[in-house]
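Residue numbers (my numbering): 4 to 197. Cβ atoms here follow ideal geometry from the backbone N, Cα and C, with glycine treated the same way. I have placed the structure first, in the form of C-alpha cells, so that the comments after it can refer back to it.
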Ligand code: GAR
C-alpha cells in the first residue's frame with residue numbers, strides 16, 4: 004500500500020476533496036494508495052476534524068513551539084516519515100519549507116498554488132491578479148523544489164475574472180477548480196509512480 008500524507012494549515016477543503024475522491028474512486032483497491040495521515044501546523048485547523056471523522060490519523064505540530072524554521076522542519080519531516088510516505092501533499096500548508104525538508108522528500112512532494120504559475124508566486128495571489136487587470140486567473144499543481152512556488156507544473160485550471168470580482172469571489176471560483184485538479188493530479192502522479 005502506498006501512503007499519501009497531506010499537510011494543511013486551515014480549512015482543508017482541498018484535503019477533503021482529495022479524501023472524498025479517493026473514497027469515490029476506491030484508490031485503495033484501484034491504485035494501492037491511501038491517505039495515511041493529515042498533519043497540521045495549527046491545532047485549530049478545521050480540516051483536522053474532517054480527517055479524524057473519516058478515520059484518518061491526524062497530527063498537530065505547532066511551528067510556534069520551535070526555535071527556528073529548521074528545527075520545525077526537522078520535526079515535521081520526522082512526523083511525516085512515521086507514515087512512510089510515497090507522496091507528501093501540501094494542501095493549503097502555509098509555511099515556507101527549508102531546502103532540507105524539500106530535498107528529503109524530493110520527487111514525492113507536491114503543492115497547489117492559487118495562481119497560474121509562474122505568475123504570482125507567494126501570498127495574496129487573487130488581490131494581485133485583480134490589481135494587474137488579469138482577465139483570467141487559476142490554480143497550479145506543481146512539484147515542490149527549493150524555490151518557493153516553482154517546480155515542474157503537473158496541472159493547471161483557468162477561470163475567468165469577472166469585472167465585479169472581489170478577491171474573495173475570485174478565490175472561491177478558483178477553489179472550486181482546485182478541488183477538481185488536485186485529486187486528478189495526485190491520481191496521475193500515482194499512476195506514473197507505479
Ligand atoms: C487554497 O486556495 C490553496 O491553493 C492555497 O490556500 C488555500 C487553502 O484552502 N494555498 C496557498 O496559498 C499556498 N501558498 P484549503 O485549506 O481550503 O484547501
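| Item | Value |
| --- | --- |
| Can you tell me which of the three DSSP states residue 5 falls into? | strand |
| Mapping DSSP to helix, strand and coil, what is residue 107? | helix |
| Could you tell me whether the segment 156 to 176 touches the segment 125 to 132, where touching means 3 or more Cβ pairs closer than 8 Å? | yes |
| As an exercise, report each continuous alpha helix (DSSP H) stretch of at least 4 residues that is fully enclosed by the segment 70 to 149, in chain order. | 72 to 84, 102 to 107 and 128 to 134 |
| Pull up the distance between the alpha-carbon of residue 179 and that of residue 16, whole angstroms please. | 9 Å |
| Sorry if obvious, but does the Cβ on residue 44 come closer than 7 Å to a heavy atom of the ligand GAR? | no |
| Rounded C-beta distance between residue 32 and residue 186? I'm assuming under 8 Å. | At roughly 16 Å, the Cβ-Cβ gap does not stay under 8 Å, so residue 32 and residue 186 are not in contact. |
| Measure the CB-CB distance between residue 104 and residue 76 and report whether it falls below 8 Å. | yes |
| By the 10 Å Cβ neighbour count, where 16 or more other Cβ atoms means buried, how is residue 67 classified, buried or exposed? | exposed |
| Can you tell me whether residue 10 sits near the ligand GAR, meaning its C-beta is under 7 Å from at least one heavy atom of the ligand? | no |
| Excluding sequence positions up to five away, which residues of its chain have a Cβ less than 8 Å from the Cβ of residue 42? | 8, 9, 10, 11, 61, 62, 63, 64, 79, 82 and 83 |
| Can you find the residues in the same chain that come closer than 8 Å, C-beta to C-beta, to residue 69, ignoring five residues on each side of it along the sequence? | 75 and 78 |
| Note the first and the last residue of the continuous beta strand (DSSP E) segment covering residue 43. | 36 to 43 |
| Let me check you understand the geometry: is the CB of residue 178 closer than 7 Å to at least one non-hydrogen atom of the ligand GAR? | yes |
| Shorter than 7 Å, the distance from the beta carbon of residue 15 to the closest heavy atom of the ligand GAR, or not? | yes |
| Relative to the C-alpha of residue 91, which residue among 73, 114, 100 and 101 is closest? | 114 |
| Since I believe residue 147 is in contact with residue 112 (beta carbons under 8 Å), could you give me their beta-carbon distance rounded to a whole number of angstroms? | 4 Å |
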